[in-house]
Structure formats: structure tokens, C-alpha cells
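See below:
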């Protein structure tokens with residue numbers, strides 16, 4: 010059965026505006042990334058929002074969880090900014106028990122060439138096909154349970170809390 | 010516990026010789042690739058050989074299986090040329106039952122910039138942590154059992170036999 | 010005889026800080042870029058400053074012009090942010106008559122992979138070897154006299170004023 | 010006035026066939042490269058052939074020189090494999106005196122990401138606008154007269170003969 014991929018923005022999809030030197034969002038690069046990885050996994054991609062996760066509101070998180078609940082697929086990947094990824098995972102875990110939901114992101118925009126996004130999407134796709142129902146974060150080649158993960162602000166890496 | 014990564018060469022690690030226009034092997038790029046992916050998985054990398062998988066002999070496959078048998082880690086990734094990856098998987102499956110062994114590779118050399126290798130290594134690392142003992146091929150975002158996989162020579166993609 | 014290259018910063022040398030998502034300066038990438046281009050031109054590279062050209066002061070411009078005056082080489086390239094490149098060119102032209110000075114820059118940081126910087130440095134190096142004494146801007150594959158050039162803020166391209 | 014660019018193939022335009030691991034020619038990447046460099050030089054690009062310069066025949070060289078003679082533009086760039094670039098330059102120099110013709114190429118295919126081609130095209134475009142009539146090779150950031158240049162087979166770099 011197909012996998013569902015929800016796009017919410019984050020560093021993954023940021024681009025460089027060469028006229029003012031600022032980063033901004035245009036379209037998602039996830040389909041392009043899946044093609045580059047020669048993925049043959051059936052995946053239905055849908056963009057829910059294109060925002061920096063520091064600006065994500067309760068309403069945004071409700072929108073994400075409603076879409077997860079309504080999704081026919083029980084394997085769901087969510088691309089998400091890394092700063093509040095753990096917070097969104099918590100919201101989802103409280104509401105959804107019967108699906109495997111994997112949040113992933115990137116430290117470097119896909120368009121900057123040396124992105125970790127391709128690696129992370131490869132691992133998120135693999136985890137979502139292999140691990141039991143629950144809500145997880147897939148970063149740094151590992152997966153973390155929603156209730157035992159935080160982003161280390163000094164290193165930019167994800168780690169267990171306990 | 011740590012994961013073991015055995016390098017055998019394949020397209021993954023090919024480089025372009027700008028003096029004669031031919032492809033050749035020098036050193037493996039796997040450690041560099043893991044760094045690019047910001048992997049924090051404990052991984053012990055060891056190069057067994059650096060060859061095109063079309064030139065892999067029975068002796069080479071014996072060497073690989075002996076190393077898998079001796080490996081203390083029960084989660085093993087093998088980078089391998091795609092052309093005879095399924096053949097090596099079969100040899101390993103006959104000898105090794107108590108480990109999770111995932112073979113992976115690339116269609117485009119890592120050094121050529123737009124490689125699928127980063128994506129494949131991300132998925133191989135995730136699968137090896139998540140699926141039961143057995144011998145598998147991880148390509149195209151999917152995993153295949155050793156006894157139900159072949160490379161489609163027309164598309165370059167892996168598919169089930171039955 | 011050797012060419013002198015003065016580094017002043019600009020988009021050319023900006024990097025992405027993956028911890029806070031901001032652009033910053035570390036070291037110059039010009040020597041790396043020259044190596045990538047297989048340049049065999051004798052070039053003495055010296056970093057004068059590493060700043061955004063919007064923040065360049067009169068003092069900074071004095072420092073640049075003093076270094077150009079003292080330079081033994083009469084062929085000088087200056088890497089510079091594009092926003093005030095024309096302003097610096099004017100200051101230099103008023104003080105220096107007996108040298109060929111070519112300012113160049115980039116719209117995309119070198120580290121972002123798809124930079125125009127490699128192209129611009131190739132053309133700047135070629136122009137500085139071929140055109141008469143004077144102060145010029147080399148961008149978009151063309152060269153412009155210091156007194157007949159502006160950056161078009163809408164397109165990001167350089168054009169003649171008259 | 011516009012510049013004429015003739016494409017003849019060479020490493021510049023080689024691609025990697027991921028099904029058989031061999032290099033081959035499809036379409037030229039020069040227009041894409043000029044766009045990446047944000048070139049605003051008026052350029053008329055025409056593909057004459059797509060071959061490895063080791064396979065270039067007298068007939069091919071005649072075709073190139075006829076096209077140069079017929080060209081209305083007196084500034085001409087020719088992309089060319091590096092191995093016999095000097096040979097073609099000699100043929101052109103014997104027949105054409107009233108134009109500036111610059112041959113250039115690459116050591117690494119454009120598609121492999123870390124190409125010197127972007128740098129070389131930047132310098133070729135600059136030289137062809139700035140140097141007198143004659144036939145030249147632009148490589149390694151320098152230009153060479155057709156009668157005083159050879160490719161050093163050991164280093165892959167161009168150098169004067171005398």
C-alpha cells in the first residue's frame with residue numbers, strides 16, 4: 010500500500026533569494042528528491058503548508074493532525090522544520106495511535122547541494138515501512154520515539170532525553 | 010549496538026579519471042557520505058575490496074561471507090555493485106541466518122554530485138536497524154528478500170521476481 | 010607576471026549556518042574555486058576583509074584602494090559584494106590610473122553548489138589579462154567601465170547606465 | 010554584436026549512462042551553463058557535432074572551419090575535446106585570419122557537478138571579447154596562441170611549447 014507524505018516546509022525546502030540574500034519558500038523539492046533517489050515506493054505527496062517550524066501555530070498542528078487522521082494510508086511521513094519537530098510529534102501522538110508517523114527534516118536546504126535531506130528522506134521512507142504504529146522522528150540515521158527525543162541546540166543533532 | 014558496514018566497491022565509489030576519461034576506484038566515500046548525512050549511528054566501516062561487481066569471483070564472495078560470519082555486530086550493511094548484488098545476497102543467505110544483512114549500492118557514483126547513493130545509504134541504515142534477521146537488498150527506497158529480487162536491466166531498478 | 014586577487018567578502022564567500030539558519034562569513038573559497046577551475050594563472054590571493062558590501066564604509070574603501078596602490082602587480086581582481094560594487098569601483102578609479110582593476114562577485118554563494126561565482130571568476134581572470142588599464146566590473150560574462158555601470162535591483166544583473 | 014558558439018562535444022558534454030556505466034553524448038549543456046553563469050552576452054549557439062575529439066576526422070575539421078568562415082559573427086567560441094584541441098586550432102588558423110576564434114573544453118563533464126567547464130566558459134567568453142583576431146585555446150584561466158600550445162598528457166594542463 011502507498012505511503013503518504015505531508016509537506017510542511019522547514020529547512021528542507023528553503024531557497025536562496027539572490028536579489029535580497031534571504032531564504033524563502035517557493036515549491037517543495039520532495040518529488041524531485043524522490044526521483045533523484047530513484048525511489049520506487051508508491052507515495053502520495055501533499056503540501057499542507059510551507060513554513061518555518063518556529064512559526065508553526067496550534068492551528069497549523071491541528072491541520073496536520075487532522076490530515077493524518079483522515080489519511081487512508083497508515084504509513085505517513087511528515088517533512089518538518091527541525092526546531093519544533095518534537096513538539097508536533099507530541100501533538101500527533103496524543104491523537105493518533107493506529108498509524109506509523111515519521112517526521113523528518115534537514116539541516117541544510119536541498120537546493121544548497123550538500124544537503125542531508127536526501128539521506129534523511131531515504132531513512133524516513135525505510136523506517137515508516139518497517140517500524141510499528143507510533144509517532145517517531147527520523148534524523149541522523151536513527152529513529153526516536155516522540156516521548157524521548159529533543160534537538161540539541163548546540164550540535165543541531167537529535168538525541169534521547171533519558 | 011554498533012552497525013558494521015563492509016565496502017566492496019561498485020558504482021558508489023567510482024571516480025572519474027580526467028586524464029584518460031575512464032572510471033576507476035581509489036578510496037571509499039562512505040565515511041564522507043555518512044558525515045554529509047549527519048549520521049549519528051555507531052558504524053564500523055571496513056573496506057573488503059574495491060571492485061566492479063561484474064568482476065566479483067567466488068573467492069571474493071567467500072571473503073565477504075567469512076567477514077559477515079566473524080562480525081560481532083549482527084546488523085551489517087554491504088555496499089556492492091548493483092549488477093551482481095542479488096547473486097552475492099544468495100550466497101550470504103545460504104550461510105548466515107542469525108544476522109540482518111542489507112546490501113545496497115548506487116546507480117550514479119557519489120562523486121558525480123547527483124547520486125542516489127546518499128538516499129540508498131539512508132534507507133539501508135534504517136532498514137538494518139528495523140527488520141528481522143535475514144539477507145536483503147535495499148534499493149529504490151524499498152527492501153527485497155534475497156530470494157525474491159532481481160535487477161531489471163532495462164530500467165536499472167530492482168523488482169520482485171514473483 | 011602574477012595577478013593580484015584581493016578578497017573583500019560578498020555573496021561569493023557566504024556560508025549557511027545550519028544551527029540558526031543564517032548566512033555568515035568564515036574563510037574565503039577563492040583558492041578552492043581556482044583549483045576547481047584548474048587555473049594555472051599565477052595569482053597572489055590576499056583577504057582584506059570579509060564583509061557584506063552593504064556594510065562597507067569609507068574606511069574599508071580606503072583600505073582597498075591603498076592595497077591596490079601598493080600592489081606590485083598591475084593586474085588586480087577584487088571579489089566584492091554586488092550591491093555596492095559600482096561605488097567601490099568609482100573610488101578606485103579616482104585614485105588609480107596605471108593598473109587594470111576588475112571587480113567581480115556572485116549572486117549565489119559558492120558553497121550552495123550552483124553558483125555563478127566559478128563562471129564570474131573565470132571571466133574576471135580572463136578580462137584582467139586582456140583589457141587596458143582602468144577600473145572595471147566583470148559580471149554576467151561582460152565587462153563594464155566603472156563610470157557606466159549599475160546593478161539592476163529588479164533583475165540582479167549589471168547593465169550600462171547610458 | 011553577438012558571439013557565435015559552436016559545439017563539437019568533448020568531455021564538456023559527456024554524460025554517465027547509469028545502465029551500462031559508460032560515458033555518452035546526448036544534448037549539449039552549454040545553454041544551461043550560460044544560464045547558471047547568469048551570462049547576458051548575446052550568444053548564438055549551434056551544435057556542429059557531438060563527438061570525442063580523439064575521433065575527430067579531417068572531414069569534421071573541415072566542417073568546423075567552413076562554419077567559422079560562414080559565420081557572420083567575428084567572435085567565435087568552439088567547445089572541443091581537449092585531446093586534439095591544438096590540432097583543430099592549427100587547421101582553423103591556416104584558413105581564417107579575420108576573426109577571433111577561441112577553443113575551450115573541460116577536464117570533467119559538466120554533469121559531474123565539480124566541473125571546470127563553468128570556469129573555462131567564463132574565461133573563453135571574456136577572452137573572445139577582448140583579444141585580437143587570431144586562433145586561441147582558452148584553458149586553465151589562460152589563453153594560448155594556436156602555434157604555441159600543447160596539452161601536457163601527464164598533468165592534463167595546457168602549456169606553451171617554447
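Residue numbers (the numbering used here), protein chains in the order written: chain A, 10 to 171; chain B, 10 to 171; chain C, 10 to 171; chain D, 10 to 171.
By construction, the Cβ of each residue, glycine as well, lies at the ideal position given by its N, Cα and C atoms.
This one's a predicted model, so the numbers in the text were calculated from it and none came from an experiment.
Which residues of chain A have a Cβ atom closer than 7 Å to the Cβ of residue i, listed in chain order?
i	result
residue 151(B)	49, 50
residue 125(B)	45, 46, 47
Strictly below 9 Å CB to CB, what residues from chain A border residue i?
i	result
residue 28(C)	116, 162, 163, 164, 165
residue 129(B)	46, 47, 131
residue 17(C)	The premise fails here: residue 17(C) is roughly 16 Å from chain A at the closest Cβ pair, so nothing lies under 9 Å.
Leaving out the 5 sequence neighbours to the left and right, which residues in its chain are closer than 8 Å to residue i when beta-carbon positions are compared?
i	result
residue 55(A)	13, 14, 15, 16, 76
residue 63(A)	90, 92, 93
residue 40(B)	54
residue 145(B)	98, 109, 110, 111, 112, 136, 152, 153, 154, 155
residue 46(A)	127, 130, 131
Quickly, what does DSSP pair residue i with across the bridge? List them, please.
i	result
residue 154(C)	145(C)
residue 159(D)	168(D)
residue 84(C)	109(C)
residue 70(B)	The partner list for residue 70(B) (beta bridge, DSSP) is empty, contrary to what the question assumes.
residue 12(A)	52(A)
residue 60(D)	18(D)
What residues of chain D sit near residue i, judged by a beta carbon separation below 9 Å?
i	result
residue 112(C)	Going along chain D, no residue has its Cβ under 9 Å from residue 112(C), so there is no contact; the nearest lies around 14 Å.
By Cβ distance below 6 Å, which residues in the same chain neighbour residue i in space, the five residues on each side in sequence not counted?
i	result
residue 156(B)	none
residue 84(C)	12, 109, 137
residue 86(B)	14, 111, 133, 137
residue 102(B)	144, 155
residue 81(B)	none
residue 147(B)	111, 113, 132, 133, 136
Could you work out which residues of chain C lie near residue i, taking near to mean beta carbons separated by less than 7 Å?
i	result
residue 136(D)	135, 139
residue 20(A)	30
Around the C-beta of residue i, are 16 or more other C-beta atoms found within 10 angstroms, so that it is buried, or is it exposed?
i	result
residue 163(A)	exposed
residue 36(D)	exposed
residue 127(C)	buried
residue 170(D)	exposed
residue 66(A)	exposed
residue 51(B)	exposed
residue 44(B)	exposed
residue 142(C)	exposed
residue 149(B)	buried
residue 159(C)	exposed
residue 78(D)	exposed
residue 116(C)	buried
residue 104(B)	exposed
residue 33(D)	exposed
Starting from the beta carbon of residue i, find every residue of chain A whose beta carbon is closer than 8 Å, and list them in chain order.
i	result
residue 121(C)	25, 120, 121, 122
Which same chain residues end up closer than 7 Å to residue i when comparing Cβ atoms and leaving out the 5 residues on each side of it in sequence?
i	result
residue 42(C)	119, 126, 127, 130
residue 106(D)	142
residue 71(C)	none
residue 57(D)	15, 16, 17, 72, 73, 76
Original post:
What residue ranges within the segment 17-55 of chain C form continuous beta strand (DSSP E) runs of no fewer than 3 residues, ordered along the chain?
Top reply: Every unbroken stretch of the beta strand (DSSP E) spanning 3 or more residues and falling wholly within the segment 17-55 of chain C is given here in chain order: 23-26, 31-34.
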